[in-house]
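Have a look at the structure below before the remarks.
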Amino acid sequence: MTDFETLYTKLHTLAVFYSLRRDPVLAAFASMLAAGDADAFAESCSAFEAKLFEYGDNWSEYLLHAALENENIAVRMHARGRSNDTIDASCERELEVLQETSLITLEDFSHACAGYFTPWKTSSIDFTAEYRRHLGEVSKKGYGMFAKAHVFRLVHEMLEPVLYPDPQRLCDLPGYEPERKKIIANVEALLQGKPAVNMLLYGDAGTGKSSTIKAIANEYKDRGLRLIEVKKKELYQIPLILEQLADLPLKFILFIDDLSFSGSDDNFAALKAVLEGSVSGRSENTIVAATSNRRHLVKELMSDRLGDDIHENDTRQELLSLSARFGLIVTFQKPDKDRYLYIVSALAEEYGVVADRDDLFTKAEMFALRAGGRTPRTARQFIEQYKSGVL
Numbered sequence: 038m039t040d041f042e043t044l045y046t047k048l049h050t051l052a053v054f055y056s057l058r059r060d061p062v063l064a065a066f067a068s069m070l071a072a073g074d075a076d077a078f079a080e081s082c083s084a085f086e087a088k089l090f091e092y093g094d095n096w097s098e099y100l101l102h103a104a105l106e107n108e109n110i111a112v113r114m115h116a117r118g119r120s121n122d123t124i125d126a127s128c129e130r131e132l133e134v135l136q137e138t139s140l141i142t143l144e145d146f147s148h149a150c151a152g153y154f155t156p157w158k159t160s161s162i163d164f165t166a167e168y169r170r171h172l173g174e175v176s177k178k179g180y181g182m183f184a185k186a187h188v189f190r191l192v193h194e195m196l197e198p199v200l201y202p203d204p205q206r207l208c209d210l211p212g213y214e215p216e217r218k219k220i221i222a223n224v225e226a227l228l229q230g231k232p233a234v235n236m237l238l239y240g241d242a243g244t245g246k247s248s249t250i251k252a253i254a255n256e257y258k259d260r261g262l263r264l265i266e267v268k269k270k271e272l273y274q275i276p277l278i279l280e281q282l283a284d285l286p287l288k289f290i291l292f293i294d295d296l297s298f299s300g301s302d303d304n305f306a307a308l309k310a311v312l313e314g315s316v317s318g319r320s321e322n323t324i325v326a327a328t329s330n331r332r333h334l335v336k337e338l339m340s341d342r343l344g345d346d347i348h349e350n351d352t353r354q355e356l357l358s359l360s361a362r363f364g365l366i367v368t369f370q371k372p373d374k375d376r377y378l379y380i381v382s383a384l385a386e387e388y389g390v391v392a393d394r395d396d397l398f399t400k401a402e403m404f405a406l407r408a409g410g411r412t413p414r415t416a417r418q419f420i421e422q423y424k425s426g427v428l
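Its first residue numbered 38, the sequence shown is counted upward by one per residue in this note's numbering.
Here it is as structure tokens:
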């Protein structure tokens with residue numbers, strides 16, 4: 038029979054996995070181990086099952102998953118290529134404690150009220166072996182929150198996972214393969230540890246600039262790529278983000294969508310500093326990818342040229358040269374008729390639309406005319422409405 042008092046004490050000796058003690062499911066389980074009477078057990082057991090069943094009914098699988106996602110000193114040191122015998126030994130001992138805990142069933146409790154509850158499931162899993170495998174994959178799967186998601190945003194100066202990111206895939210974006218080939222090659226270089234450059238995707242609205250970056254993030258998430266969306270007003274935070282990411286084994290794209298500046302915009306200087314480098318040096322695992330409808334990024338008015346700046350030409354050149362600080366600039370122009378109809382045809386096949394080709398193309402051209410021009414976005418809107426019977 039399991040010695041619950043001893044196991045309860047063991048759980049309170051977790052050091053490497055110390056933060057796991059705050060896990061609500063494990064905390065409720067520990068309360069069951071310490072329950073001194075039927076009432077206390079019933080309260081803690083109901084709390085445990087209520088929390089466990091939100092994730093599934095297998096206690097062993099839940100606890101293993103929690104251990105694998107836990108961010109701790111052992112996984113951080115491994116990610117940096119370091120090791121410490123004391124920490125490694127403690128990690129293995131604690132994994133054995135967690136494995137022992139994961140095998141406790143409802144039948145192991147002697148409280149009379151235990152029979153009123155539905156038994157949870159357990160599995161025989163080698164926690165130590167699974168954790169070693171996890172450490173071997175940390176360069177691609179990450180740890181902590183970076184193992185739970187692949188797209189993030191800044192919220193109150195903290196990175197927050199995006200639970201439901203845009204599901205775009207590269208195969209969903211026909212028509213701009215030559216443009217994307219350059220971007221993909223740069224991202225491949227980043228993933229392979231080769232020199233990669235910051236990217237500017239500029240051109241007409243609706244041509245798939247933002248969708249391309251999101252699709253690439255989805256395509257390469259299993260190879261260790263993570264996407265962090267940064268708003269223009271948050272650009273000053275990028276140096277702090279880079280410091281947080283520098284020691285991580287994953288690769289990151291800092292994504293700045295729909296970027297443009299006025300001449301007096303303070304964020305201009307912040308981005309310029311990031312692109313030019315700073316005293317901390319450039320991070321080798323991170324690149325910036327910005328999209329814009331403006332080639333030179335800075336909104337320039339005629340009044341700017343009539344100001345009282347003595348060195349007005351130098352100032353203007355500084356503003357206009359910001360885009361030149363991106364190592365890769367890719368232009369997304371509105372498609373001509375042939376490319377537009379190719380996109381329509383490819384999307385029709387993707388959506389399972391069966392129609393007379395000439396009729397489809399004629400309606401697609403009329404739709405583009407009403408929508409203000411041919412773009413991939415217009416083509417997708419047309420196909421969606423055509424399939425739904427609106428057109």
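Even glycine gets a Cβ: it sits at the ideal position worked out from N, Cα and C.
Keep in mind it's a predicted model, so treat the numbers as computed, not measured.
Counting along the chain, the unbroken alpha helix (DSSP H) around Thr165 starts and ends at Phe164 to Gly173.
Within the stretch 189-272, complete beta strand (DSSP E) segments of at least 3 residues are found at 195-198, 236-240 and 262-266, given in chain order. Judged by DSSP secondary structure, Lys374 falls within the alpha helix (DSSP H) whose first and last residues are Lys374 to Glu387. With respect to the 8 Å criterion, Ala252 and Asp209 are classified as neighbours on the basis of their beta carbons.
DSSP places Thr43 in no beta strand (DSSP E) but in the uninterrupted alpha helix (DSSP H) bounded by Phe41 to Leu48.
Taking 8 Å as the cut-off, the beta carbon of Pro413 is found closer than this to the beta carbon of Thr244.
Rounded to whole angstroms, the Cβ separation of Glu144 and Leu105 is 27 Å, and the two are not in contact under 8 Å. With at least 16 other beta carbons inside 10 angstroms of its own, Ala327 counts as buried. Shown here, Val134 sits in a helix according to DSSP, grouped into three states.
Residue Val267 holds the alpha-carbon nearest to the alpha-carbon of Phe292 among Val267, Ala151 and Lys371.
Here Lys288 is bridged, per DSSP, to Leu262. Annotation for Thr328: no alpha helix (DSSP H) segment contains it, though the beta strand (DSSP E) segment containing it runs Thr323 to Ser329.
In the pairwise beta carbon analysis, the stretch 180-187 is classified as touching the stretch 195-203: at least three pairs are separated by under 8 Å.
In the DSSP secondary-structure assignment, Val390 is not bridged to any residue.
Per the DSSP secondary-structure output, Lys158 pairs in a beta bridge with Asn95. Looking at the backbone, the Cα of Glu131 and that of Leu359 are separated by about 52 Å.
When C-beta atoms of the stretch 390-397 are compared with those of the stretch 259-278, fewer than three pairs fall below 8 Å, so the two segments do not count as touching. In the DSSP assignment, Thr368 forms a beta bridge with Tyr239. Boundaries of the alpha helix (DSSP H) harbouring Asp76: Ala75 to Leu89, taken from the DSSP string.
Collapsing the DSSP output to three states places Ile293 in a strand. In its chain, beyond the 5 residues on either side, Asn223, Ile324, Phe363, Gly364 and Leu365 have a beta carbon closer than 8 Å to the beta carbon of Val234. Excluding five sequence positions before and after Leu228, the CB atoms of its chain that fall closer than 7 Å to its own CB belong to Tyr257, Arg260, Gly261, Leu262 and Lys288, given in chain order. Between the alpha carbons of Arg206 and Asn255 lies a gap of roughly 7 Å. Between Lys270 and Asn304 the beta-carbon gap is near 7 Å, inside 8 Å, which marks them as a contact. Residue environment for Arg117: exposed (fewer than 16 other C-beta atoms within 10 angstroms of its C-beta). Taking the Cβ atoms as the reference, Tyr239 lies roughly 6 Å from Thr368, within the contact range of under 8 Å.
Collapsing the DSSP output to three states places Ser56 in a helix. Annotation for Leu296: Lys269, Ala327, Thr328, Ser329 and Leu334 place their beta carbon closer than 7 Å to its own, counting only its chain and skipping 5 residues before and after.
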